[in-house]
Amino acid sequence: MKGGSLPMSKLFFLGLPAHGHINPTLGLVRELTELGEQVIYYSFDAFRSGIEAAGAEFRRYPLNPANFDANQITQDFAILYRTLIEAASKLLPGLLEEIQREKPDYIIHDSLAVYGKYAGLLSGIPCVNSVTTLAFPDRFYLLPPNILWSSIKLALFHPRNAYLGYSRHRKLIREMGITKANMLDAFMNKEELNIVYTSDELQPNRRFFGQEFLFVGPSISGRTASELDIKLKELLEMERPLIYISLGTINNHDFSFYHACLEAFADPNFSVLMSVGSAVDISGLEVPEHVVIRRSLPQLEILKRADLFITHGGMNSVHEGLWFGVPLILIPQQEEQRAVALRVQKLGAGMVLKRKGAGDITQAVHKVLTHPAYRLRSRQLGDGLKEAGGAPRAASQIKAYMMNRCVEERV
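Set out below in structure tokens:
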């Protein structure tokens, strides 16, 4: 580590190139750069503009983005495991060379970026773990039940992917001379300081996580507001319940679900906004006047006014809904989202929809809108997110941690 009292430190931010892993970190990046840190952020070109807007220097991973197809790797933990280990094998030699050349003071890495943890171990540089999902314990049996069972099933029924991931992980550890490693590194990569972008209350099994885990909540309040066009303004200002529907940026191509929503919300006493992404042929949908369907919509501006949010249960979307006190109907598309959705349901701020027919949607909407307890709990959980400290607290704790490390090394 370089000398000095760390007023102007250089850091490598080794992110995972996916919206759900990049976007939650940008508030922290902005805060760190405002504190004088030089942030060099590694990702793919698709995320360059947002990273640079946050004040970081962008650097490109020398990987083929097609091999990080979020639609594929998030569906299967065995494929995800193999993909992460293969990425680590390709990235580590180059990262170690850049660390030798740039001499960063510390590394912040995504909780799935095993190459970040190993780069720190091999170079002797301290690391901070950035957790954009729920935090996972370092004991396999303490994983959320749905994730534990899904992992076991995938290992049993798709043994080839599981074996390839495991064997390549062992080979990587052996070839690189890594001594402090275990198989769960690919999914958590615990460090002495772990920044988790949710609240203590939303984290399942919080009691199993020690003081090295800092639950700071998301960074939402400082984001730039989007402009609303005339059609959106008209719908948002109408005196009728506003329903917002979005399945996120990955598995958002379920045409039958959108058709069921149109059937469920045929009643013009609702205003309905649907964000469907780029994979759905909007021209194939008959859209009534009280419904707006777009490929993308200004989510934060809509949630400020929404009465109900129908969501896939992605961490970012759930945080944004709760931030504005909006009750949720959750339709998880993969196991990580299911863990989030089940937690929200358990805490009383929403309900998980098991079937996606028009009648099922109608019943769920009626239940949530006619029971004020859902909105009350959403507001309470949102208050907890706001009180967690956000990016300012995270940046302050990172600086304090690095300062303590510097002092310890001098003694």
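Counting from 1, position 7 in the sequence shown corresponds to residue 10 in my numbering; the numbering is continuous, with no gaps. Each residue gets a CB set at the ideal place from its N, CA and C atoms; glycine is no exception.
Strictly by DSSP, which residues pair up with residue i?
| i | result |
| --- | --- |
| I313 | I248 and I332 |
| S133 | D113 and I198 |
| R163 | None; R163 has no bridge partner. |
| V371 | Note: V371 sits in no beta bridge, so no partner. |
| F15 | I43 and I110 |
| V295 | L276 |
Pull up the distance between the alpha-carbon of residue i and that of residue j, whole angstroms please.
| i | j | result |
| --- | --- | --- |
| Y247 | C409 | 48 Å |
| I313 | P20 | 26 Å |
| P147 | E292 | 42 Å |
| R378 | A309 | 11 Å |
| N185 | S299 | 40 Å |
| Y404 | H161 | 42 Å |
| L356 | L205 | 19 Å |
| L217 | F71 | 28 Å |
| K106 | A90 | 22 Å |
| L125 | Y118 | 10 Å |
| A394 | V295 | 34 Å |
| F327 | Y166 | 44 Å |
| H262 | Q400 | 47 Å |
| S37 | G58 | The amino acid occupying residue 37 in the given sequence is Glu; Ser does not appear at that position. One C-alpha to the other measures close to 8 Å. |
Hey, residue i and residue j are a contact pair by Cβ (cut 8 Å); roughly how many whole angstroms apart?
| i | j | result |
| --- | --- | --- |
| S133 | D113 | 5 Å |
| G23 | T135 | 6 Å |
| L238 | L265 | 15 Å between Cβ atoms; not a contact. |
| V321 | L331 | 7 Å |
With a threshold of 16 other CB atoms inside 10 Å of the CB of residue i, please say whether the residue is buried or exposed.
| i | result |
| --- | --- |
| N407 | exposed |
| Q214 | exposed |
| E323 | buried |
| Q103 | exposed |
| P96 | exposed |
| P68 | exposed |
| T373 | exposed |
| L159 | exposed |
| P65 | exposed |
| G168 | buried |
| F16 | buried |
| E1 | Past the boundaries of the shown model lies residue 1; the chain is included only from 4 to 414, so the question cannot be answered. |
| I223 | buried |
Do residue i and residue j have their C-beta atoms closer together than 7 Å?
| i | j | result |
| --- | --- | --- |
| A189 | L87 | yes |
| L388 | A352 | no |
| L35 | A398 | yes |
| R85 | N164 | yes |
| I43 | R63 | no |
| V2 | S381 | What the structure shows of the chain is the stretch from 4 to 414, and residue 2 is not part of that stretch, so it cannot be assessed. |
| G251 | H315 | yes |
| G317 | Q340 | yes |
| L245 | E304 | no |
Say whether chain D places a C-beta atom closer than 7 Å to the C-beta of residue i.
| i | result |
| --- | --- |
| A309 | Annotation note: the requested chain D is absent from the structure, which comprises a single protein chain. |
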